[in-house]
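K.L.:
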Amino acid sequence: EVIDGKIEYEHVAFTYPTADEPVLTDVSFTVNPREKLAIIGATGAGKTSLFQLIPRLYNVTKGVLYIDQKPITSYTLDQLRGSIGYVPQSPLLFTGSIRDNIAWGKENATREEIIQSAKDAQIHDTIMDLPDQYDTRVGQKGVNLSGGQKQRISIARALIRRPKILMLDDSTSALDLATESELLRAIQHYHCTTMIITSKISTAISADRILLMNDGKVLAIGTHEELLNQSSLYMRIVES
Ligand code: CTP
Ligand code: MG
1 EVIDGKIEYE HVAFTYPTAD EPVLTDVSFT VNPREKLAII GATGAGKTSL FQLIPRLYNV
61 TKGVLYIDQK PITSYTLDQL RGSIGYVPQS PLLFTGSIRD NIAWGKENAT REEIIQSAKD
121 AQIHDTIMDL PDQYDTRVGQ KGVNLSGGQK QRISIARALI RRPKILMLDD STSALDLATE
181 SELLRAIQHY HCTTMIITSK ISTAISADRI LLMNDGKVLA IGTHEELLNQ SSLYMRIVES
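Heads up: the sequence shown begins at 1 in our numbering, then just goes up one per residue.
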């Protein structure tokens, strides 16, 4: 099982099974246990591809990915996915109640746990305004939720399992700044390693460190101040 949530990419390269060209080349960096790392970079830079290797949606093509100093392949998929809260860029809800969608993967979740994770994901108030609250059906013949509401239900689904590693792929893009900062504050109480892909520079600056990706490579990693000194691209992003 994943205990500390330390993540280490060591000369990782990745090519999609159906592709000829790699989308990640020679990626090396470490995320410390309980650290919060923001990942930024242009569209197509490889941010989602980088993420998908952690829950092993794909295997690395070259190099090694370590979790808690052990190669990721030494864990079973159940061990990994039981420890990782992965919120995809376009989250999927299944046809059923909101309650079941949040509790998915933790069938024995209590009412209190469901409500607490929804509160932390900043979606509880919205749910309470729906006709059948937590019993409201989504999907076929259910209510239509906005992209941002689906994202937050998907975040609640990740939080309820008390993950050691939390991965948010642009999951706060639809939130206003105040709601987003409430969400990020709530997540701190989970004491998990957090990797957050974001297009908002303010969100990136609120992390412990920032990783700047460009064209499938790590261009720079460090604090906001360090990146300002290291990377002219970063400076341009901040100024834009
Ligand atoms: N790609 C691919 N096959 C996939 C998914 C992505 O070949 N199944 C390619 C894309 O065409 C892109 C590269 O992999 O050239 C990186 O994609 P991705 O990791 O999704 O980039 P992001 O940085 O996540 O881009 P965005 O900000 O738009 O989400
Ligand atoms: Mg992406």
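No residue lacks a Cβ here, since even glycine has one placed at the ideal position from N, Cα and C.
What span of residues does the alpha helix (DSSP H) with H224 cover, start to end?
P.N.:
Position 224 of the sequence shown, counted from the start, is the residue given in the question as residue 224. Unbroken alpha helix (DSSP H) run through H224: 224 to 230.
K.L.:
When you compare each of I221, R209, R236 to L37 by their alpha carbons, which one comes out closest?
P.N.:
One-based indexing of the sequence shown puts residue 37 at position 37. Measuring from the Cα of L37, the nearest candidate turns out to be R209.
K.L.:
Three-state secondary structure (DSSP) at K36?
P.N.:
The sequence position of residue 36 within the sequence shown is 36, counting from 1. Strand, per DSSP.
K.L.:
Tell me the DSSP secondary structure of F29 in three-state form.
P.N.:
Your numbering for residue 29 matches position 29 in the sequence shown. Three-state result, F29: strand.
K.L.:
Check I196 in the structure and name its three-state DSSP category.
P.N.:
Taking the sequence shown and counting its residues from 1, the one referred to as residue 196 is at position 196. Residue state, collapsed to three classes: strand.
K.L.:
I'd like to confirm the pairing. Which residues does DSSP put opposite F14 in its beta bridges?
P.N.:
Stepping through the sequence shown from its first residue, residue 14 is reached at position 14. L24.
K.L.:
Ordered along the chain, which non-local residues of its own chain (more than five positions away) have a Cβ less than 7 Å from that of S245?
P.N.:
As shown, the chain starts at 1 and ends at 240. That puts residue 245 outside it, with no answer to give.
K.L.:
Residues around the ligand MG, please: the ones whose beta-carbon is closer than 7 Å to some heavy atom of it, in chain order.
P.N.:
Listed by position in the chain, the residues whose beta carbon lies within less than 7 Å of some heavy atom of the ligand MG are K47, T48, Q89, D169, D170, I197.
K.L.:
Which runs of the beta strand (DSSP E), 3 residues or longer, sit entirely within the region 129 to 191?
P.N.:
165 to 169
K.L.:
Could you compute how far the alpha carbon of H224 sits from the alpha carbon of F29?
P.N.:
To locate residue 224, count along the sequence shown from 1; it is residue 224. To locate residue 29, count along the sequence shown from 1; it is residue 29. So the alpha carbons of these two residues sit roughly 16 Å apart.
K.L.:
In the DSSP assignment, find the beta strand (DSSP E) that holds I84 and state where it starts and stops.
P.N.:
In the sequence shown, counting from the first residue as 1, residue 84 sits at position 84. Note, I84: beta strand (DSSP E), 84 to 87.
K.L.:
Closest by CA to E8, which one among V60, K119, I127?
P.N.:
Position 8 of the sequence shown, counted from the start, is the residue given in the question as residue 8. Looking at the Cα atoms, V60 is the closest of the given residues.
K.L.:
Which whole-angstrom value describes the C-beta separation of D68 and K6, a residue pair presumed to lie in contact below a C-beta threshold of 8 Å?
P.N.:
If you number the sequence shown from 1, residue 68 lands on position 68. If you number the sequence shown from 1, residue 6 lands on position 6. So it is a contact: roughly 5 Å between Cβ atoms.
K.L.:
Does the CB of H124 have a neighbour CB from chain D at under 8 Å?
P.N.:
Note that chain D does not occur in the displayed structure, where there is just one protein chain.
K.L.:
Under the DSSP definition of a beta bridge, which residues are partnered with N59?
P.N.:
For this step, residue 59 is matched to residue 59 along the sequence shown. N59 is not bridged to any residue.
K.L.:
Just to check my reading of the structure: G85 and M167 have Cβ atoms closer than 8 Å, yes? What is that Cβ distance to the nearest angstrom?
P.N.:
Taking the sequence shown and counting its residues from 1, the one referred to as residue 85 is at position 85. Taking the sequence shown and counting its residues from 1, the one referred to as residue 167 is at position 167. Contact between G85 and M167 holds: their C-beta atoms lie close to 7 Å from each other, under 8 Å.
K.L.:
Report yes if the C-beta of T194 is less than 7 Å from at least one heavy atom of the ligand CTP; otherwise report no.
P.N.:
Along the sequence shown, one-based indexing puts residue 194 at 194. Placement of the Cβ of T194 at a distance of 7 Å or more from every heavy atom of the ligand CTP is found.
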